[in-house]
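Everything in the sequence shown is counted per full-length UniProt numbering, starting at 1 for the first residue and increasing by one. Quick reminder that beta carbons are idealized off the backbone N, C-alpha and C, glycines included. Structure first, then comments.
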Amino acid sequence: MAVEFAIVFPLFFLVFYAIVTYSMIFVAQQSLTLAASEGARAALRYQTG
């Protein structure tokens with residue numbers, strides 16, 4: 001039982017790490033998209049003179 005766990009655990013850990021890493025990249029990309037959208041909206045709303 002322990003031998004099988006020792007063989008399979010690294011694969012499960014690698015998959016879990018990949019999912020977490022991808023989700024962090026996705027969150028960063030979504031945050032940048034939202035910030036750009038909010039910046040464009042603020043620039044259009046700002047009136048000079």
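_Pairwise C-alpha distance: Tyr46 and Val20_ = Roughly 39 Å separates the two Cα atoms.
*Which residues bound the alpha helix (DSSP H) around Thr33?*
It spans 2 to 45 - the alpha helix (DSSP H) in which Thr33 sits, taken as one unbroken run.
*Gln47 Cβ short of 7 Å to the ligand GDP heavy atom set*: The ligand content of the structure shown is nil, which means the ligand GDP is not present either.
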